[in-house]
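Scroll down for the structure; my scribbles are underneath it.
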Amino acid sequence: METKTVTHTVVKGDYLGKVANKYKVSVADIKRENNLKSDVLKLGQKLKITVSSRISHFVNTQ
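Mapping to UniProt numbering: the sequence shown position 27 is 27, numbers consecutive.
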């Protein structure tokens with residue numbers, strides 16, 4: 001499966017579970033890839049997320 005790394009900028013109302021669901025990855029994946037020690041996100045924070053190419057196309061077209 002091809003993968004692609006996308007950058008998600010945290011906006012008001014975002015939390016790890018919501019972001020993970022949007023990109024079809026796990027919370028643990030996001031935390032590991034971004035060296036997060038807690039589940040707390042900050043507005044404007046940029047998260048690297050590795051997704052399958054199919055998912056990244058879907059997310060970018062919405």
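Idealized CB from N, CA, C, for every residue including glycine.
Only a predicted model underlies this, so the values are computations on that prediction, with no experimental measurement involved.
Residue(s) in a DSSP beta bridge with residue i
i: VAL51; result: LYS4
Assumed close pair residue i, residue j - CB separation to whole angstroms, cut-off 8 Å
i: THR5; j: ILE49; result: 7 Å
i: VAL19; j: LEU43; result: In fact, because the Cβ distance is near 13 Å, the residues do not count as touching under 8 Å.
i: TYR15; j: LEU47; result: TYR15 to LEU47, Cβ: 12 Å. No contact.
Residue i in three-state terms, based on DSSP
i: LYS42; result: coil
i: GLN62; result: For GLN62, the predicted structure reports a pLDDT of 44, less than 50, and the residue's modelled location is therefore unreliable. A value from the coordinates is still provided. In the structure shown, GLN62 sits in coil (DSSP, three-state: anything other than H, G, I, E or B).
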